[in-house]
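Numbering (our numbering), first residue to last: 35 to 193. Below is one structure, written out as C-alpha cells, with a few remarks after it.
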C-alpha cells in the first residue's frame, strides 16, 4: 500500500490516469482509502473521480469528509454489497429493503452517485473447498437473485 508507505508517486499516477480518462470522456472511480482529505501529508487527488467507499477505517476519510472535499461518492459497503462466493449470501429480501444512501459508518449521503454490488472471489464455492459437483451453479443462482433484488432497491432510491 503505497499511501501507507508514504510514497506520493501513487497520487501522480492517479492524477495522470484521471486526466487521460477525462480526455476520452470517461469518469474513473477510485477506492476511497487512497484519498486523504484532512491533512497535507499526502498530495492532492483530482476531484474528477468517483470515490468508491467500501469501508471506513481509522485514518480514512469518512463519506461526509469526502463529500465536503468535493468528491462524488458511490456506496459499496463491504458488509452489504460484497458477495463472497465462498460464504453464504444474504437472502434477496435483505437487498430489497436496503438503503443505498447509508454508508458503512451509518452516514446518510442522499446525493451519492449510487451503490455498487461486488462479487469478490476467484471461485464459486460453498466454503467447504468443494464445488459439490455443480461447478458453482448453485451459488450463481443465489448471487443472481441477490443482484436482482439489489437492482430493485437502487431503482426505488429516488421514488
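Don't be surprised by glycine CBs; every beta carbon is placed ideally from N, CA and C. Computed from a predicted model, the values in this text were never measured in an experiment.
- Nearest C-alpha to residue 112 among 184, 152, 52 and 70: 152.
- Rounded to the nearest angstrom, the Cβ distance from residue 129 to residue 187 is 6 Å, consistent with a contact under 8 Å.
- Between residue 99 and residue 134, the beta carbon gap of about 20 Å keeps them out of contact (Cβ cut-off 8 Å).
- In the DSSP assignment, residue 85 falls within the beta strand (DSSP E) that extends over 84–87.
- Put simply, the backbone Cα of residue 85 is about 5 Å away from that of residue 107.
- With respect to the C-alpha of residue 82, the residue from 184, 90 and 55 having the closest C-alpha is 55.
- If the five residues before and after residue 94 are omitted, its C-beta is found closer than 6 Å to the C-beta atoms of 67, all from its own chain and listed in chain order.
- The Cβ atoms of residue 87 and residue 110 sit closer than 8 Å to each other.
- Annotation for residue 132: no alpha helix (DSSP H) segment contains it, and DSSP assigns it neither H nor E.
- Residue 150 and residue 69 have their C-alpha atoms spaced approximately 19 Å apart.
- Residue environment: residue 182 is assigned as exposed (fewer than 16 neighbouring CB atoms within 10 Å of its CB, all protein chains considered).
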